[in-house]
Every structure is written in structure tokens, then in C-alpha cells.
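Protein chains: 2
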Amino acid sequence: MGALGYNIFADMYGCDNVLDDVEYLRGVMKEAAIKGNMSIVRTIFHRYETHGVTGVVIVKESHLAIHTWPEYSFASVDIFLCGTKSNPYEALKYIELKLRPKKVYTHSIERGMAIEYERIK
Amino acid sequence: MGALGYNIFADMYGCDNVLDDVEYLRGVMKEAAIKGNMSIVRTIFHRYETHGVTGVVIVKESHLAIHTWPEYSFASVDIFLCGTKSNPYEALKYIELKLRPKKVYTHSIERGMAIEYERIK
Numbered sequence: 000m001g002a003l004g005y006n007i008f009a010d011m012y013g014c015d016n017v018l019d020d021v022e023y024l025r026g027v028m029k030e031a032a033i034k035g036n037m038s039i040v041r042t043i044f045h046r047y048e049t050h051g052v053t054g055v056v057i058v059k060e061s062h063l064a065i066h067t068w069p070e071y072s073f074a075s076v077d078i079f080l081c082g083t084k085s086n087p088y089e090a091l092k093y094i095e096l097k098l099r100p101k102k103v104y105t106h107s108i109e110r111g112m113a114i115e116y117e118r119i120k
Numbered sequence: 000m001g002a003l004g005y006n007i008f009a010d011m012y013g014c015d016n017v018l019d020d021v022e023y024l025r026g027v028m029k030e031a032a033i034k035g036n037m038s039i040v041r042t043i044f045h046r047y048e049t050h051g052v053t054g055v056v057i058v059k060e061s062h063l064a065i066h067t068w069p070e071y072s073f074a075s076v077d078i079f080l081c082g083t084k085s086n087p088y089e090a091l092k093y094i095e096l097k098l099r100p101k102k103v104y105t106h107s108i109e110r111g112m113a114i115e116y117e118r119i120k
């Protein structure tokens, strides 16, 4: 095993005008978790007083998070997963379908490298 | 302004035997948010049936998350912030003090680049 966890980041520019709609976003993120074959534990979504939403879906495999800046039509999505059963890219595909960004940058990093925790045993 | 948000990651290897203690971790992460000059909105912490904890602290400035693997003495911490008022490194310093990892790797990325959202206007 190479890593304990995987972080996938997507920066979504030029999204549709849905980034202040906390219930819409909750629905999108929950459905994204299901599409990505994750098991939802709990969700927590918060709309800020002025604008913007922060939402987290805790899943058995770790979490999905979204932060939105409606004033810039920008949304950032993070997916943190452990295990190999889930497909974060299916989740991302669904989120893109519902936010319709004009441009998306995606990248990923590994977390908790076996080589490191074996070194310090 | 260069970026809308900042992600800071810390992979903590060889932590003390506290990684299954959900209430201890909730306390640590809340206090870390305060140390980092963030304003707590809500917290959500979950202990998995077998082992390990996932916890998220939603703050006005975005979120802090922790995932633990007690069986590997490993914890991953993510901090996502917007604005310049908070100090994520003060938060991290406090978490390290309370988890006492033998080794920590930290890195950061910027999210939502001004150059990009201006391009697609």
C-alpha cells in the first residue's frame, strides 16, 4: 500500500448562479457522494451572512467539502478518501454537471505514505 | 489579490495514542481554530466503528479537518482559509503540541486564482 488517503482538489471557475443556494449545494454534494460510491455519515452546510457557502459531507471513506464565492462564480471542491472502493472522479463529474463551470483545474495528492510511517516505527 | 483561498496540509506521523479519542480531538481542533484566530461556526466529529476519527470544524474563514488512523499513529490535518486575518500555522502548532507527532510534513496550495477568474469573465 502506498498511501492511507488521497486528496483530490477541483477549482471550478465560471460556475452557474447557484453558489449561494445552500440547499441546492447540499443536494449536489450528497448525490455526488453517492455517485462516487461513498457512504454518507452526516452533512454540515453553512451559508455565510453576506454570501458564500461552506459545506462538508462526512462519508465513511472520509469527506467531501465545497466552498463557494458567488461574487467570483468560483467554487472549490475537495475530496479526501481512504480505501479504493470509491471513485472521486465520478463524484466530481456530477458536481461539474450541476455547477456547470466554464473551466476546472483538478489535481491530487497522496496522504500518509507507508514509507514514512514505517520509517519511524 | 492572488488567490481566494489557501489550503494547508499537514501529515503527522508517529502521533501519541490519542487518535481514537473523538472528544479529545474535537477539543484540540476547536482550540486550534481559536489559536489561529478563526471564528468557529459548527463542528462535526465522527468516530468510525472499527477505529479512526474524522472531524471538521467549520469556521467563518472556511474549515479545519482531521482524519486519523490510530493503527498507523497517523493523522492528516487540512486547513482551508480565505482572507488574511487567520494564522493557520498557529493552529497547526497547537495541534502538534497536542498530538505530539514524531514527524510532520506540511505544504500548502492556493485556490481560486484571480488570473483565472478574470480570464473567463
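If you read the protein sequences in the order shown, they are chains S and X.
Take the first sequence: its letter number 54 is residue 53 in numbering that gives the first Met the number 0, and every next letter is one higher.
Take the second sequence: its letter number 116 is residue 115 in numbering that gives the first Met the number 0, and every next letter is one higher.
In this text, a Cβ means the ideal position worked out from N, Cα and C, and glycines have one as well.
Is the Cβ-Cβ distance between residue i and residue j less than 8 Å?
i, j, result
"I43/X", "V55/S", "yes"
"K84/S", "E60/S", "yes"
"I119/X", "K102/S", "yes"
"L96/X", "T105/X", "no"
"G111/S", "W68/X", "yes"
"V27/S", "I94/S", "yes"
"H45/S", "R41/X", "yes"
How long is the line joining the alpha carbons of residue i and residue j, rounded to whole angstroms?
i, j, result
"A32/X", "V58/X", "8 Å"
"Y116/S", "P100/X", "11 Å"
"K130/X", "Y5/S", "A question about residue 130/X goes unanswered here, because the residues of chain X that appear run from 0 up to 120."
"Y23/X", "Y47/X", "15 Å"
"H62/S", "L80/S", "7 Å"
"G1/X", "H66/X", "29 Å"
"N86/X", "V21/X", "24 Å"
"A64/X", "E70/X", "19 Å"
"Y88/X", "L98/X", "15 Å"
"S107/S", "R25/X", "27 Å"
"L3/S", "L3/X", "29 Å"
For a test of your reading of the model: does the CB of residue i fall under 7 Å from any non-hydrogen atom of the ligand HEM? Yes or no.
i, result
"F79/X", "Absence of the ligand HEM is noted for the structure shown, with no ligands found whatsoever."
Quick test of the definition: if touching needs 3 or more C-beta pairs under 8 Å, does the segment 3 to 11 of chain X touch the segment 61 to 81 of chain X? These segments touch.
Can you find at least 3 beta carbon pairs, one from the segment 31 to 46 of chain S and one from the segment 15 to 22 of chain X, that sit closer than 8 Å? Because the criterion of three Cβ pairs below 8 Å is not met, the segment 31 to 46 of chain S and the segment 15 to 22 of chain X do not touch.
Tell me which residues of the segment 22 to 34 of chain X have at least one Cβ-Cβ distance to chain S shorter than 9 Å, keeping chain order. The segment 22 to 34 of chain X vs chain S, Cβ under 9 Å: nothing.
Looking at chain X, which residues of the segment 83 to 105 of chain S have a Cβ within less than 8 Å of any of its Cβ atoms? Taking 8 Å as the Cβ-Cβ cut-off, the segment 83 to 105 of chain S approaches chain X at K101, K102 and Y104, given in chain order.
Going along the segment 60 to 82 of chain X in order, which residues come within less than 9 Å of chain S, judged by CB to CB distance? Hits within the stretch, in order: S61, H62, A64, H66, W68, Y71, S72, F73, A74, S75, D77, F79 and C81.
Residues of the segment 36 to 62 of chain S with a CB closer than 8 Å to any CB of chain X: list them in chain order, please. Within the segment 36 to 62 of chain S, those residues whose Cβ lies closer than 8 Å to any Cβ of chain X are, in chain order, V40, R41, I43, H45, Y47, T53, V55, I57, K59, S61 and H62.
Just to confirm the assignment: which complete beta strand (DSSP E) runs, minimum length 3, are found wholly within the segment 0 to 74 of chain S? Inside the segment 0 to 74 of chain S, DSSP marks whole beta strand (DSSP E) runs of 3 or more residues at positions 2 to 12, 39 to 46, 52 to 58 and 61 to 68, from first to last along the chain.
Give the residues from the segment 5 to 17 of chain S that approach chain X closer than 8 Å (Cβ to any Cβ), ordered along the chain. Within the segment 5 to 17 of chain S, the qualifying residues are N6, F8, D10, Y12 and G13.
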